[in-house]
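Numbering (my numbering), first residue to last: 78 to 406. We put the CB at the ideal spot given by N, CA and C, even for glycine.
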Amino acid sequence: MIRVVQIGIGPLGQKINQYISERRNVKVIAAVDKNPQLIGRDIGKICNGYPSNILIQESLAKALENVKPDVAILSTVSDMDRITEQVVEILSHGIPIVSTCEELSYPWNTNPILAGKIDSFAKEKGLAVVGTGVNPGFLMDALPSFLTAVCQNVDSIRINRFQDATYRRIPFQQKIGAGLNLKTFEEKKQNGSLRHVGITESIHLIANQMGWKLSKTQDIIEPVIAQENTKTKDLEIEKGAALGVLQTGKGFVRDELKIVLTFKAAIGIPESYDEVVITGTPNINSKIFGGINGDIATCAIVINALPQILRSTAGLKTMADIPLVSYFS
C-alpha cells in the first residue's frame, strides 16, 4: 500500500483523489490546501461523496502531525517560481514528490538555477522529485522519445495534438480563448494567461534524449479564427473571433528545424488526435485516433508514477530518468 499526502485539492487534485479511491494499492492519508473554503473539510466527501476521515489542513506540518506518507502528490501551480519553495518544504519532511507542475517537467534549460536548487536539496535528502502529466510529461516528450528506441537514426520529430473543444467544459474553452475578440486574445497572450504551459520544456526534453544541442527554440501562439458565426451549447462566437488556440513549438540545431510540437485546441476541429511523426530509419508515424483525454490521462499518470518515484535514485528527475511508468494494480 502506497500512502499519499495530497497537496492541492483544486479541480485536478479532486479528480486525482477520486481516482485514488478506486485503487486498492494507493491510499490518501493526509491532505493540504490553503483555500479557506476547503480547510477542515473531509476530502472524501468533497471528491467522492463518501467520508474518509481525512480533513484538509492549511499547512503541511499540521497535516503530518500524526502520519508519515510514503510520497506526496503536489498539484498546485504550473511555474517554477512558485513551486520551488513548496517542493523544498515537502522534501524537508523526508517525502519524495510527484507533481503536476508543467515547468517542473524539464526545467534544466528554462530555469536552471531553481532546477539546481531542487536537485541539490533532493539529493541531500536522498529523495526523488518528478514533474509529469499528459502534456508535458508524456504525449509530446516522453512518448516520442521512447518511440525512437527502434530507430537507427533520427533526423527530425514532429508531434501533433489536436483537440476539438466543442464539447469540453467551459473552463477549458475559456483557457484556450474560445469566443474572445482578437484584441483580447492578443492581450491575454502577451500577459501569459493564454498559453499551453510546457511546450518549451517538452522540446528540451526531446533534444536532450536525442543528444541534440539546440541553438534556439520558438513558442508561437496564434488564434484559430472563426470563418463564420459559430454557436455551441455555451458559446456564441462571431465571425472573426477566436475559436481557440494554435501553439507551435520549434527546436533548431544551428539553422536546421529538428523538433516541431503543434498544439491546436479549438471549437469545431474536424478530428481530435495525437500523432508522433519521426523521420529517420525507420520512419515512424504513430497516431492515436480520437486523442487522449487530458484530465483522465494526467490523473492516471500521476498515480501510476508513484511506485517509480519510490524506486528512483535521488534528485530532480524527468520522465526519461525514472523507471518506465505503466498502469499497476
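Taking VAL330 as reference, the option from GLU299, LEU291, LYS316 and THR309 with the minimal CA-CA separation is LEU291. The beta carbons of ILE378 and THR209 sit closer together than 7 Å. Per the C-alpha coordinates, the member of GLU278, LEU220, ILE280 and LEU282 positioned closest to LEU401 is LEU220. With 16 or more other Cβ atoms inside 10 Å of its own Cβ, VAL148 counts as buried. A distance below 8 Å between beta-carbons, with the five flanking residues on each side excluded, links ARG100 to the following residues of its chain, in chain order: ILE380 and SER406. It is roughly 26 Å from the alpha-carbon of GLN304 to the alpha-carbon of GLY269. Around the beta-carbon of TYR183, 16 or more other beta-carbon atoms lie within 10 Å, marking it buried.
Here the alpha carbon of ASP372 sits roughly 9 Å from the alpha carbon of ILE93.
LYS310 sits in coil when the DSSP states are folded into three classes, being neither helix nor strand. The stretch 123-130 makes no contact with the stretch 140-154: fewer than 3 CB pairs, one atom from each, lie closer than 8 Å.
LEU320 sits in a strand when the DSSP states are folded into three classes. For the options LEU191, ILE369, LEU338 and LYS200, the alpha carbon positioned closest to that of SER389 is the one of LYS200.
Residue ALA318 holds the alpha-carbon nearest to the alpha-carbon of ALA343 among LEU383, ILE86, ALA318 and ILE276.
Look at the beta carbons and you see the stretch 320-335 touching the stretch 278-294: at least three pairs across the two are nearer than 8 Å. For GLN95, same chain residues with a beta-carbon under 6 Å away, outside a window of 5 residues either side, are CYS124 and ASN125 in chain order.
Cβ atoms of THR187 and GLU179 stay farther apart than 8 Å, at about 11 Å.
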